[in-house]
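The next block holds one structure in the form of structure tokens; read it before the comments.
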Amino acid sequence: MEDGEEEDAETARSEAEDSKKECHNYVARQVARLISNRNSAVTIREEPRFTTRNGVRRKPDVVVQSGDQMLVIELVAVWDANDGVLKHKASEKAANPRIQKRSST
Numbered sequence: 001m002e003d004g005e006e007e008d009a010e011t012a013r014s015e016a017e018d019s020k021k022e023c024h025n026y027v028a029r030q031v032a033r034l035i036s037n038r039n040s041a042v043t044i045r046e047e048p049r050f051t052t053r054n055g056v057r058r059k060p061d062v063v064v065q066s067g068d069q070m071l072v073i074e075l076v077a078v079w080d081a082n083d084g085v086l087k088h089k090a091s092e093k094a095a096n097p098r099i100q101k102r103s104s105t
């Protein structure tokens with residue numbers, strides 16, 4: 001690949017990543033809005049930043065809290081929605097240490 005072609009390919013990759021981030025952020029906002037519309041008694045935070053007890057910094061997409069129950073929502077935007085890609089992304093999310101199921105107490 002020549003220099004001009006490499007730059008074009010890099011620009012295309014960068015634009016695709018920007019579009020993917022925009023899609024991801026849009027979906028996260030819509031999820032938060034829909035949950036809020038259905039249940040105004042919950043507290044919803046979008047991309048809250050916090051540090052765990054062991055000092056690890058976290059920033060999930062959406063956190064929904066009702067009393068002492070907390071739901072952490074981590075979204076993934078993928079372009080290729082075939083079964084293999086979706087299963088792979090689901091496995092990545094399940095293995096991600098950022099996603100932990102626990103009570104807020």
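In terms of full-length UniProt numbering, the sequence shown opens at residue 1 and continues consecutively. Where is the CB? At the ideal position from N, CA and C, for every residue including glycine.
State buried or exposed for residue i, treating a residue as buried only when at least 16 other CB atoms are found within 10 Å of its CB.
i, result
"Asp83", "exposed"
"Ala32", "buried"
"Ala28", "buried"
"Lys101", "Caution applies to Lys101, whose pLDDT of 49 falls short of 50 and renders its modelled position unreliable; the value that the coordinates give is listed next. By the neighbour-count rule (16 or more Cβ atoms within 10 Å), Lys101 is not buried but exposed."
Spatial neighbours of residue i within its chain, please: C-beta separation below 6 Å, excluding the five flanking residues on both sides.
i, result
"Ala20", "Per the sequence presented here, residue 20 reads as Lys, with Ala not at that position. Contacts found: Ala77."
"Leu71", "Val64"
Please list, in chain order, all residues of the same chain as residue i whose beta carbon is under 8 Å from its beta carbon, the five residues on each side excluded.
i, result
"Glu10", "none"
To the nearest whole angstrom, what separates the beta carbons of residue i and residue j, a pair I think is in contact under 8 Å?
i, j, result
"Arg49", "Arg57", "7 Å"
Hey, would you say residue i sits closer than 7 Å to residue j, going by beta carbons?
i, j, result
"Lys59", "Glu47", "yes"
Indicate, with yes or no, if the ligand COA has a heavy atom lying under 6 Å from the CB of residue i.
i, result
"Arg49", "Ligands displayed in this structure: none; no statement on the ligand COA is therefore possible."
Should the stretch 64 to 76 be regarded as contacting the stretch 37 to 48, the criterion being three or more beta carbon pairs within less than 8 Å?
-> yes
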